[in-house]
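Residue numbers (our numbering): 331 to 926.
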């Protein structure tokens with residue numbers, strides 16, 4: 331437990347950083363709320379004794395007045411208790427919202443900062459799932475547990491002091507009666523944590539099946555292949571197993587709590603019987619008996635609450651380890667302390683020299699002793715079969731990964747000497763599977779360069795990507811909501827979505843343009859029209875086209891053929907055709923398929 335308690339200061343610092351003012355107000359209220367029950371207990375004894383005197387005096391005003399004064403103070407304390415409960419709800423809600431947003435921001439920030447390599451490991455997704463679903467409310471839970479311990483601890487200590495005059499054994503009995511409950515809550519917290527960690531993979535997989543069954547992207551294929559029943563069965567199987575394990579855990583906890591409750595009840599019954607015997611013997615007054623009953627009964631309830639707080643504190647710190655482990659993930663692809671300036675205009679070009687690379691969690695080499703020179707101001711096409719290593723070039727150029735061996739330089743300077751943010755800002759990239767942002771057409775395109783802030787730039791980029799004509803035909807033109815997630819959304823064809831993504835890449839005026847399969851969803855006529863204008867669009871820039879379509883590659887200044895992680899041919903379209911090797915064979919095969 332000592333290891334988990336080390337997480338407590340960090341949790342408190344997170345809460346304080348998110349909501350310092352609300353946390354201060356919360357602490358003050360805790361102290362006041364802890365003292366009010368003590369005042370009520372003392373006033374109860376005084377009220378009972380005053381009532382006994384008033385009854386004996388046959389209700390004379392002089393004897394009744396002290397009781398009314400005490401009753402007034404009791405009423406004031408009770409009203410204050412209820413008011414503070416309402417105010418506490420407001421304070422905790424404000425505090426909770428701020429803390430939740432603060433921790434969510436930390437998770438988002440870390441997710442955006444970690445190396446892309448982490449996304450190659452299932453363990454990372456488990457970490458992310460636990461951090462996202464559990465850890466966002468745990469720091470506030472730790473603070474609430476500590477606050478409850480403080481508030482109830484103040485009251486419990488006072489109740490113990492009240493009980494001592496009736497016999498020092500009574501506070502000891504109160505403590506012993508709660509020890510079984512302490513064992514139960516600590517064991518339950520550990521078991522819940524173990525269950526959550528063990529079931530994370532199954533929870534994520536069931537969430538995946540749930541997504542498949544309700545998401546629009548998979549709806550058509552599920553119907554075409556009749557897969558809905560299959561995935562429903564898989565989902566139900568996983569949920570059934572998780573449900574049985576959770577119910578088993580709850581049953582075990584229920585039996586343990588019953589045993590702890592009976593133990594406490596036995597101790598309470600014995601204490602009450604002893605005090606009743608003393609009252610019958612005339613050793614204590616009726617007010618003393620009322621005081622004892624309230625003090626012991628409240629003390630027992632407070633002791634149980636304290637034990638629950640200790641158990642919850644233990645459980646929360648167990649889950650907090652998941653959050654802190656995630657936030658402590660090490661990023662290896664980082665900017666140097668003193669980065670070199672990235673050229674605003676490429677003079678020499680990009681050079682891959684003896685580059686070797688394999689993806690994490692894979693033994694297959696994506697690139698092997700890879701050598702390639704991309705001259706400044708040229709349009710270079712990279713072609714080759716699937717798995718040849720073409721898309722890997724983009725990831726290495728953007729420095730999402732560092733190569734295992736060899737070097738990649740820009741104008742003779744290794745990429746690792748640049749700031750990663752500045753390096754990426756010099757590149758306009760279209761990925762093979764671009765995101766379809768559920769936003770307006772203008773916002774979709776503007777995301778390519780948020781610093782531009784130019785509506786004219788959006789329309790320019792759309793025209794360059796051949797997207798302007800169909801965007802203007804949408805219900806609200808560039809202000810039309812794209813996608814079907816939100817109201818009044820308009821969906822696009824695959825080819826239109828690709829042109830919107832292409833416009834997003836053109837939005838950024840960068841010296842390096844990298845396009846991965848820019849024409850894969852275009853029909854032959856649109857491809858030809860776009861390819862003919864592409865040379866003019868990238869004039870003065872270094873452009874890299876990664877494509878399976880030789881009809882797109884032919885417009886490049888130079889074509890590099892990649893196979894098995896190496897460049898095997900280079901030249902212009904005509905030069906490669908004359909060689910009658912891999913490129914020529916691919917060109918012939920594609921031409922025959924188009925002709926058919």
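Glycine is no exception: its CB is placed at the ideal position from the N, C-alpha and C atoms. As the structure is a computational prediction, the values presented were derived from the model and not from experiment.
Boundaries of the alpha helix (DSSP H) around residue 905: 903-909. Note: residue 747 is not bridge-paired with any residue in the DSSP secondary-structure output. Under the DSSP definition of a beta bridge, residue 899 partners with 891. Excluding five sequence positions before and after residue 407, the CB atoms of its chain that fall closer than 8 Å to its own CB belong to 366, 369, 370 and 373, given in chain order.
For residue 836, the enclosing alpha helix (DSSP H) has its first and last residue at 824-837. Taking the Cα of residue 394 as reference, the smallest distance to any Cα among 377, 404, 409 and 410 is reached at 377. Looking at the DSSP output, residue 873 shares a beta bridge with 709 and 843.
Residue 682 sits in a strand when the DSSP states are folded into three classes. Going by C-alpha positions, residue 804 is about 6 Å away from residue 810.
CA-to-CA, the gap between residue 651 and residue 660 works out to about 16 Å. In this chain, residue 738 is not harboured by any alpha helix (DSSP H); it is covered by the beta strand (DSSP E) spanning 735-740.
Under DSSP, residue 758 shares a beta bridge with 843.
Counting only runs of at least 3 residues, the stretch 528-584 fully encloses no beta strand (DSSP E) element at all. Going by DSSP, residue 371 is part of the alpha helix (DSSP H) stretching over 350-386. Under the three-state reduction of DSSP, residue 668 is assigned to coil, being neither helix nor strand.
Short of 6 Å from the beta carbon of residue 772, and not among the five residues preceding or following it, lie these beta carbons of its own chain, in chain order: 788 and 808. If you check the CB distance, residue 669 and residue 747 come in under 8 Å. Residue 909 sits exposed, since fewer than 16 C-beta atoms from the chains shown fall within 10 Å of its C-beta.
Each residue's CA atom was taken as its position, placing residue 866 and residue 911 some 30 Å apart. In the three-state reduction of the DSSP assignment, residue 878 falls in the coil class. In this structure, the CA atom of residue 844 is about 25 Å from the CA atom of residue 694.
Residue 741 sits away from residue 686, with the two beta carbons spaced by 8 Å or more. By the C-beta density criterion, residue 671 is exposed, having fewer than 16 other C-beta atoms within 10 angstroms.
For residue 675, no alpha helix (DSSP H) run applies, since DSSP gives it neither H nor E.
The count of Cβ pairs closer than 8 Å, one atom from the stretch 710-719 and one from the stretch 889-901, reaches three, so the stretches are in contact. In this structure, DSSP gives residue 694 a state outside helix and strand, which the three-state scheme calls coil. Around the Cβ of residue 350, a 10 Å sphere holds fewer than 16 other Cβ atoms; the residue is exposed. Residue state for residue 650 is assigned as helix, using DSSP reduced to three classes.
Within 10 angstroms of the beta-carbon of residue 348 lie 16 or more other beta-carbons, which makes it buried.
Excluding sequence positions up to five before and after residue 414, its CB lies within less than 8 Å of the CB of 359, 362, 363 and 366, all in the same chain and listed in chain order.
In the DSSP annotation of this structure, residue 852 is not part of any alpha helix (DSSP H), being labelled neither H nor E. Bridge partners of residue 770 according to DSSP: 811. The shortest C-alpha to C-alpha distance from residue 767 to any of 814, 872, 879 and 849 is the one to 814. The beta carbon of residue 885 lies closer than 6 Å to those of 861 in the same chain, with the five residues before and after it left out.
Beta-carbon to beta-carbon, residue 533 and residue 572 are separated by about 7 Å, close enough to satisfy the 8 Å threshold.
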